[in-house]
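In our numbering, the protein residues as written are 2 to 83.
Even for Gly, the Cβ is constructed at its ideal location relative to N, Cα and C.
No experiment lies behind these values; they were computed from the predicted model shown.
Reviewing the structure listed below.
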Amino acid sequence: MAWIRQIDEDDAEGEVKRLYDALLVPESGKVDHILKIHGLHPAGLRGHLALYRAVMTGSDTLPKAERELVAYTVSRINECHY
Numbered sequence: 002m003a004w005i006r007q008i009d010e011d012d013a014e015g016e017v018k019r020l021y022d023a024l025l026v027p028e029s030g031k032v033d034h035i036l037k038i039h040g041l042h043p044a045g046l047r048g049h050l051a052l053y054r055a056v057m058t059g060s061d062t063l064p065k066a067e068r069e070l071v072a073y074t075v076s077r078i079n080e081c082h083y
């Protein structure tokens, strides 16, 4: 597995802190690792969020629930632990 330096929630400042605060998972009070890898580049984090929202929003041809199922299946095949 690749290692990418991440900014922890407690160490976030400025724009990164504002983005993290909006992305905290209520149950854990943490930001998902897949998003934290962009903490060193806030513009990349904003772009990742925009892409994720565009891809995962349901449409007439593929509802959101089915998109989530595809994402889950691909993660399992790739042995992703999230």
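Rounded C-alpha distance that separates residue i from residue j
i   : j   : result
E10 : R68 : 29 Å
K18 : A44 : 13 Å
E5  : E16 : Looking at the sequence provided, one finds Ile at residue 5 rather than Glu. Cα to Cα, I5 sits roughly 20 Å from E16.
L46 : P27 : 19 Å
K31 : S60 : 30 Å
Beta-carbon gap between residue i and residue j smaller than 7 Å
i   : j   : result
I78 : G40 : no
A36 : L24 : The residue asked about is misnamed: residue 36 is Leu in this sequence, not Ala. Yes, Cβ-Cβ distance for L36 and L24 is below 7 Å.
Residues near residue i in its chain [Cβ-Cβ closer than 7 Å; skip 5 each side]
i   : result
Y73 : none
Bridge-paired residues (DSSP) for residue i
i   : result
K18 : Note: K18 sits in no beta bridge, so no partner.
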